[in-house]
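*Asks:* In full-length UniProt numbering, the protein residues as written are 1 to 350.
Beta carbons are placed, not taken as given, at the ideal position from N, Cα and C, and that holds for glycine.
Right, I'll just put the structure down here and ask away after.
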């Protein structure tokens with residue numbers, strides 16, 4: 001009887017894993033080449049940094065007394081924190097070849113559900129867990145409809161946007177619900193400061209760091225690039241594309257749940273109006289940061305720089321007295337310009 005060497009058994013498995021990962025990495029590379037997964041050096045982040053410097057200069061020239069203040073800088077970071085957590089989740093989805101239009105509505109639903117528990121004397125930790133579970137559940141439903149229901153991501157998440165917003169209105173009876181004085185732990189995220197910054201900014205920083213590590217240092221991240229770059233090649237390489245896609249939307253929903261906690265901390269309320277048009281802000285930040293709408297290419301760093309650019313622009317509009325209508329028009333033009341520049345860059349690289 002021939003004995004089986006365990007090393008002989010494990011070797012083919014190791015080879016198979018290596019082939020899958022190599023194929024995934026190859027599928028993740030855009031046709032234009034030059035993108036190194038997990039590397040930042042080849043992504044033109046310097047252009048985004050220069051854009052931020054220019055915007056800061058504009059603020060110093062137009063509204064020096066209001067822009068260059070500690071309170072205004074903290075205000076910018078606090079606003080960026082809530083949308084930024086959503087942006088991290090949106091970056092994963094878009095790199096994976098999808099789109100999530102429901103993030104703002106899901107965040108609103110999570111905040112309403114959590115504050116509904118406040119009226120029933122549940123503690124702050126139960127409220128926060130509820131917010132995360134509601135967000136993750138909505139994301140899983142999105143992913144299931146897209147992966148196994150074969151729905152177009154745009155349609156599936158648009159339907160979730162409408163349904164989540166409607167459910168939030170139904171649950172709250174279109175009224176703003178208070179976090180309540182017994183849930184000070186949530187409010188402390190906004191009021192307690194460390195080194196001059198509210199705790200919610202540090203929560204945002206942790207989410208960004210963890211998101212970067214997952215995208216750039218794990219198999220999940222490499223497979224996300226592969227699925228977005230070429231789903232068929234990823235499938236042939238052994239990646240369960242449907243399951244991975246569903247996990248991407250679940251991750252986006254998870255981030256919406258965290259964002260719901262942050263907006264409850266900032267406003268001390270849960271409301272069906274929370275997160276209105278946040279999906280556009282998040283998607284715009286991702287696009288400005290260089291992530292391809294077609295998937296397979298992008299970075300967390302670029303998306304966050306794009307978010308900061310968008311947030312500073314909004315802040316400058318407010319400080320210079322532009323009305324809401326003008327702000328929306330300008331944001332729309334910025335998104336169109338970013339997409340056109342992205343297409344031009346793609347054409348130049350092919």
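1. Contact defined as beta carbons within less than 8 Å: I believe residue 157 pairs with residue 286. What is the distance between those atoms, to the nearest angstrom?
2. Provide the residue(s) that pair with residue 197 in DSSP beta bridges, ordered along the chain.
3. Tell me which residues share the same chain as residue 331 and place their Cβ nearer than 6 Å to its Cβ, disregarding the 5 neighbours each side in the sequence.
4. I think residue 290 touches residue 228, with their Cβ atoms under 8 Å apart; what is that distance to the nearest whole Å?
5. Helix, strand or coil, according to DSSP, for residue 215 in the structure here?
6. Please state whether the Cβ-Cβ distance between residue 96 and residue 245 is less than 8 Å.
7. Using beta-carbon positions only, say whether residue 252 and residue 100 come within less than 8 Å of one another.
8. If I measure Cβ to Cβ from residue 278 and keep anything under 7 Å in the same chain, skipping five residues before and after, which residues do I get?
9. Can you tell me which of the three DSSP states residue 269 falls into?
10. Can you give the beta carbon distance from residue 98 to residue 153, rounded, assuming they're within the 8 Å contact cut?
11. Report yes or no: do the stretch 218-233 and the stretch 310-321 share at least 3 C-beta pairs separated by less than 8 Å?
12. Would you call residue 243 buried or exposed, if buried means 16 or more other Cβ atoms sit within 10 Å of its Cβ?
13. Got a sec? Which residues, its chain only, sit under 7 Å from residue 66 by beta carbon, not counting five neighbours each side?
14. For the alpha helix (DSSP H) that residue 46 lies in, which residues bound it at each end?
15. How far does the alpha helix (DSSP H) with residue 70 in it reach, from first residue to last?
16. In angstroms, rounded to a whole number, what distance separates the CA positions of residue 192 and residue 80?
17. If we require 4 or more residues per run, which alpha helix (DSSP H) segments fall completely within the stretch 227-256?
18. Measure from the alpha carbon of residue 190 to the alpha carbon of each residue in 201, 181 and 182, then state which is nearest.
19. Span of the alpha helix (DSSP H) holding residue 281?
20. Which of the three DSSP states is assigned to residue 169 in this structure?
*Replies:* On the basis of the coordinates in this document:
1. Here residue 157 is actually not in contact with residue 286; their C-beta atoms are around 14 Å apart, not less than 8 Å.
2. DSSP lists 194 as partners of residue 197.
3. Counting only residues of its own chain and dropping the five nearest sequence neighbours on each side, residue 331 has no CB closer than 6 Å to any other CB.
4. About 14 Å separates the beta carbon of residue 290 from that of residue 228, a gap too long to meet the 8 Å contact definition.
5. Reduced to three states, the DSSP call for residue 215 is helix.
6. Pairing residue 96 with residue 245 gives a Cβ-Cβ distance under 8 Å.
7. It is a contact, given that the beta carbons lie within the stated cut-off.
8. So the list reads 83, 86, 103, 104 and 107, once near-sequence residues are dropped.
9. In this structure, residue 269 counts as strand in the three-state DSSP scheme.
10. Yes, they are in contact, since the Cβ atoms of residue 98 and residue 153 sit about 4 Å apart, within 8 Å.
11. The answer is no - the stretch 310-321 does not touch the stretch 218-233, with fewer than three Cβ pairs under 8 Å.
12. Exposed is the label assigned to residue 243, since fewer than 16 other Cβ atoms lie within 10 Å of its Cβ.
13. Here the set comprises 72 and 319.
14. Start and end: 45-62.
15. Run containing residue 70: 70-95, per the alpha helix (DSSP H) assignment.
16. In a straight line, the C-alpha of residue 192 is about 17 Å away from that of residue 80.
17. Fully enclosed alpha helix (DSSP H) runs of 4 or longer: 231-236.
18. Distances from the alpha-carbon of residue 190 to those of 201, 181 and 182 put 201 closest.
19. Counting along the chain, residue 281 sits inside the alpha helix (DSSP H) bounded by residues 278-288.
20. In the structure shown, residue 169 sits in a helix (DSSP, three-state: H, G or I).
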